[in-house]
Amino acid sequence: MPDTVLWLRRDLRLADHPALQAAAQGGRVVPLFVVDPRLWQPAGDPRRAWLVRSLRDLDERMDGALVIRSGDPVQVLAGIVRETGAASVHVTADAGPYGRERDVAVEHALDVPLVRTGTPYAVGPGTITKSDGAPYQVFTPFFRAWRDHGWPRPAGPPPSGLRWRRGVDSTGLPPEPDLAGLRLPDVGEDAALERWRAFRETALPTYDTDRNLPARNGTSRLSAHLKYGEIHPRTLLADLARHRSKGADVFRSELAWRDFYADVLWREPRSAREYLRPQYRRLAYEEPGPLFQAWCEGRTGFPFVDAGMRQLRAEGWVHNRVRMVVASFLVKDLHVEWQHGARYFLRWLRDGDLASNNHGWQWVAGSGTDAAPFFRVFNPVTQGTKFDPDGEYVRRYVPELGHLPGGSAHEPWAAPDGYAHGYPARIVDHAAERRSALERFARLPS
């Protein structure tokens with residue numbers, strides 16, 4: 449039978465891979481990854497490093513058969529089909545704004561079929577609608593419809609009799625960037641499965657409460673593995689069906705949030721960069737300056753905020769509760785538009801996902817989906833004392849406060865020696881800036 453091309457994107461695994469199964473029904477499979485400048489160049493170094501390591505791991509699992517090419521996917525795919533005589537190109541469907549346009553352009557350039565099989569999500573974007581066909585704008589009814597709709601079972605292990613086409617020229621992996629001390633965990637399919645196993649067996653039963661406590665290892669930290677498709681959400685959902693706990697229920701809803709934001713982006717591509725609620729564009733904002741730089745560096749003088757921003761630079765990841773607090777501080781204490789924070793996060797996050805990151809920022813800014821009003825302003829001190837009551841998380845990432853015991857680490861200004869080791873004073877008065885934010889909102893035309 450004629451050979452096929454498997455064009456890999458956000459599906460860097462062998463198990464539970466419907467597109468691979470479809471490709472393997474032909475002859476030999478040419479596994480291809482295209483380093484696309486339009487995606488590679490704007491990606492931050494943590495994402496580049498993760499991708500390189502994940503591709504290296506996948507190549508080893510393919511016994512060195514993975515083909516790497518760099519350039520415009522339209523030209524690369526047309527060229528690889530000519531070189532190999534492949535009868536078809538198989539992909540996992542891409543729902544992102546650029547990915548959809550790119551795939552249409554590739555499809556038009558090929559003289560063989562581009563076969564889309566599967567999705568990176570449990571339920572493909574655009575599938576879940578109201579009874580009248582309208583999209584959901586609020587998560588809770590979306591979640592109920594998503595849960596009732598269901599999702600496919602895992603596709604199983606790699607196809608038996610799978611044969612890789614060998615001898616196809618590969619340009620090799622791009623060099624891995626220097627992360628300058630930023631630490632990434634293990635990557636790849638085996639690492640993802642092991643991470644899921646460890647979380648499932650130790651933290652899943654108490655996930656509903658511990659997920660809000662950043663000092664604990666209470667979250668799955670699977671977000672980057674899911675982004676690159678080293679594990680598929682339906683694999684997790686199939687396992688969750690065997691667990692009866694509040695933690696399992698809440699974790700299932702978190703997977704639904706991922707699908708929800710992808711669905712919003714699929715229907716409103718402009719929301720990747722623009723306000724989902726355009727009237728918020730007219731709010732009075734400040735241009736980024738020294739205060740924005742202090743936020744980036746984790747030197748705002750608010751320990752819980754600074755711990756989160758330093759965790760970002762140390763690990764390429766931030767606990768979700770803390771993401772909301774640092775985002776609220778930027779938008780509502782410093783009055784800087786959410787896009788600046790979203791871009792900075794995408795630069796440093798190892799799990800930087802356009803739909804989840806940018807819509808999460810819009811949620812905090814009040815301009816996105818759901819009943820998340822602008823006037824909900826996170827207090828950076830009380831959030832810390834509530835969710836990090838012993839100050840362990842703060843001391844882990846802000847060593848200047850390591851001498852302060854317990855919850856006093858959240859209020860160094862109240863300790864006689866709070867600033868003894870160089871921690872900065874608060875750059876703003878939270879109460880005053882909260883009032884300013886609400887005044888700006890009150891002046892917004894209805």
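Take any residue in the sequence shown, count from 1 to its spot, add 448: that is its number in our numbering.
Here a beta-carbon is modelled for each residue, glycine too, at the ideal position from N, C-alpha and C.
Predicted, not measured: the structure shown is a model, and the values here were computed from it.
Between the beta-carbon of residue 640 and that of residue 670 there is about 7 Å, and that keeps the pair under the 8 Å contact cut.
Within a 10 Å sphere around the beta-carbon of residue 539 sit 16 or more other beta-carbons, which makes this residue buried.
Minimum Cα-Cα distance from residue 727 among the listed residues 815, 566, 774 corresponds to 815. The closest CA to that of residue 568, considering only 672, 690, 851, is found on 672. Taking residue 883 as reference, the option from 823, 854, 893 with the minimal CA-CA separation is 823. The beta-carbon distance between residue 799 and residue 625, rounded to whole angstroms, is 17 Å. This is too long to meet the 8 Å contact definition. Between the beta-carbon of residue 789 and that of residue 778 there is about 5 Å, and that keeps the pair under the 8 Å contact cut. DSSP links residue 767 through a beta bridge to no other residue. Burial check for residue 873: the Cβ neighbour count within 10 Å stays below 16, so the residue is exposed. Around residue 518, the same chain offers 483, 619 as residues with beta carbons nearer than 6 Å, after the five sequence neighbours per side are excluded. Here the C-alpha atom of residue 621 lies approximately 36 Å from the C-alpha atom of residue 846. Pairing residue 550 with residue 523, the inter-Cα distance amounts to about 11 Å. Checking the DSSP bridge columns, you'll see residue 555 has no partner listed. Between residue 527 and residue 613, the alpha-carbon positions lie close to 16 Å from each other. The stretch 691-733 is shown to contain whole alpha helix (DSSP H) runs of 4 or more residues at 694-715, in chain order. Here residue 805 is buried. Its C-beta has 16 or more other C-beta atoms within 10 Å. For residue 650, the enclosing alpha helix (DSSP H) covers residues 637-650. The secondary-structure analysis by DSSP pairs residue 479 across a beta bridge with 454. Distance from the CA of residue 836 to the CA of residue 737, rounded to the nearest whole angstrom, comes to 30 Å. Within the same chain, and ignoring the five residues on either side of residue 603 in sequence, the residues whose Cβ sits closer than 7 Å to its Cβ are 464, 465, 466, 469.
Closest in alpha carbon position to residue 497, among 460, 581, 635, is 635. When the five nearest sequence neighbours on each side are left out, the beta carbons in the same chain lying within less than 7 Å of the beta carbon of residue 709 are those of 803, 804, 807, in order along the chain.
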